[in-house]
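According to my numbering, the sequence shown holds residues 2 to 201 in order. For each residue, glycine too, the CB sits at the ideal point set by N, CA and C. Note that the structure is a prediction, hence the values are computed from the model and not measured. Everything on this sheet refers to the single structure shown next.
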Amino acid sequence: MNCPKCSSEKKIKSGFAKGRQRYKCKKCGYNYTVELKSTAKPGSMKKQALRLYLEGAGFRSIGRLLGVSNVSVLNWIRKFGKETQELNLESKETGTVEVPEVLSSSDITDASVSTDAVNTRTGTASRITDGGGHYLLSVKGNQKGLPEDAKCAFKADQGRHLTEDIECNHGRTETHRCCILPAKGILSKEHLPAWEMRQS
């Protein structure tokens, strides 16, 4: 970098200022530091990485597609997971779900919002879809009525099956299936009777 005062190329190192190399111009004696360029990636790229991860792409594949390090992708996903986990812990501690406040203060256009059926309310699904987001509902087999109703909705509307993952942990086997079904008109009392029990 040339001297910002006289544009001379002749400089010598002159210590450090706030952790950055400082230079002294040989021509005019002016001290200056080189500006650090931000390496932070835009939020839209991080959202795209999360979308690709939720669709089953690996960290290396996502990194190649977006032109970033696979370690960066891993860190973004971990950070998102921690933030989600902290929200879940806060809601369990207080006994209330603060989802409406989060949704109203966030831009969720084209974002994927995932929630467990236990902590879901019918109004939440509407807020997400009305805000331009995509709603991912996690349904567990031990929840009363809702899993069967969800299966029926997918069969009737030909939901697209994406992935199936079998996990053997903690002495039990769990099967995780990921399917896509448009939420408009599906999360209603007529389509899912068990949904009627949820409070809006």
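- Counting along the chain, no alpha helix (DSSP H) covers Ala58, and no H or E run does either.
- The residues Glu10, in chain order, have a CB closer than 6 Å to that of Asn3 in the same chain once the five nearest residues on each side in sequence are set aside.
- For Cys26, the enclosing beta strand (DSSP E) has its first and last residue at Arg21 to Cys26.
- Here Gly134 is buried: its Cβ has 16 or more other Cβ atoms, across all protein chains shown, within 10 Å.
- Rounded to whole angstroms, Met46 and Thr130 show a C-alpha spacing of 21 Å.
- From the listed residues Ser62, Leu51, Gly20 and Thr176, the smallest Cα separation to Lys80 is found for Leu51.
- Straight-line spacing of the CA atoms in Ser73 and Arg65 works out to 11 Å.
- As the crow flies, the alpha-carbon of Ser15 is around 14 Å from that of Cys29.
- Between Val69 and Lys48, the gap from beta carbon to beta carbon reaches 8 Å or more.
- In chain order, Cys4, Ser9 and Lys12 place their CB closer than 6 Å to the CB of Cys26, counting only its own chain and leaving out the 5 sequence neighbours on each side.
- In this chain, the beta strand (DSSP E) harbouring Gly16 covers Lys12 to Ala18.
- A distance below 6 Å between beta-carbons, with the five flanking residues on each side excluded, links Val35 to the following residues of its chain, in chain order: Met2.
- When the Cα atoms are used, Arg61 and Arg23 turn out to be separated by approximately 37 Å.
- Contact check for Ile63 against Leu55 fails: the beta carbons are separated by 8 Å or more.
- A straight line joining the alpha-carbon of Gly20 with that of Leu67 spans about 31 Å.
- In chain order, Phe60, Arg61 and Gly64 place their CB closer than 6 Å to the CB of Asn71, counting only its own chain and leaving out the 5 sequence neighbours on each side.
- Shown here, Asn3 sits in coil according to DSSP, grouped into three states, outside any helix or strand.
- Secondary-structure assignment with DSSP links Tyr33 through a beta bridge to Tyr24.
- In this structure, DSSP gives Ser9 a state outside helix and strand, which the three-state scheme calls coil.
- A straight-line Cα-Cα distance of about 7 Å links Thr174 and Ile167.
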